[in-house]
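Colleague:
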Amino acid sequence: MIVGTQAGMITVRDAHTELGVREPFTVSRAQARIIASCLDHKGLHPLAAADLRRAAEEAEIG
Numbered sequence: 450m451i452v453g454t455q456a457g458m459i460t461v462r463d464a465h466t467e468l469g470v471r472e473p474f475t476v477s478r479a480q481a482r483i484i485a486s487c488l489d490h491k492g493l494h495p496l497a498a499a500d501l502r503r504a505a506e507e508a509e510i511g
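Just add 449 to wherever you are in the sequence shown, counting from 1, and you've got our numbering.
This is how it looks when you write it as structure tokens:
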């Protein structure tokens, strides 16, 4: 999964394994945190959850 930030938004690509999504998508910081929380709650893909949280923090700063 590749996560990038731009203009306060988070773009996720190549997330088929982690999220079951084949196409790139863009989410807000809050949505990224919700997705990360869901992954944590289900005990799935801790690295993906950490990447989403990091991107949310970077989007907030930058």
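Glycine is no exception: its CB is placed at the ideal position from the N, C-alpha and C atoms.
Determine the direct distance from the alpha carbon of ALA508 to that of THR454, and round the result to whole angstroms.
Modeller: 6 Å
Colleague: Reducing DSSP to helix, strand and coil, say where ARG462 ends up.
Modeller: It is a strand residue.
Colleague: Here's a check: name, in chain order, each residue in its chain whose Cβ is nearer than 7 Å to the Cβ of VAL470, leaving out the five neighbours to either side.
Modeller: ALA464
Colleague: What does the Cβ neighbour count give for ILE459, buried or exposed, with the cut at 16 atoms within 10 Å?
Modeller: Around the C-beta of ILE459, 16 or more other C-beta atoms lie within 10 Å, and the residue is accordingly described as buried.
Colleague: Apply the 10 Å Cβ neighbour rule to ILE484 and answer buried if 16 or more other Cβ atoms are within range, or exposed otherwise.
Modeller: buried
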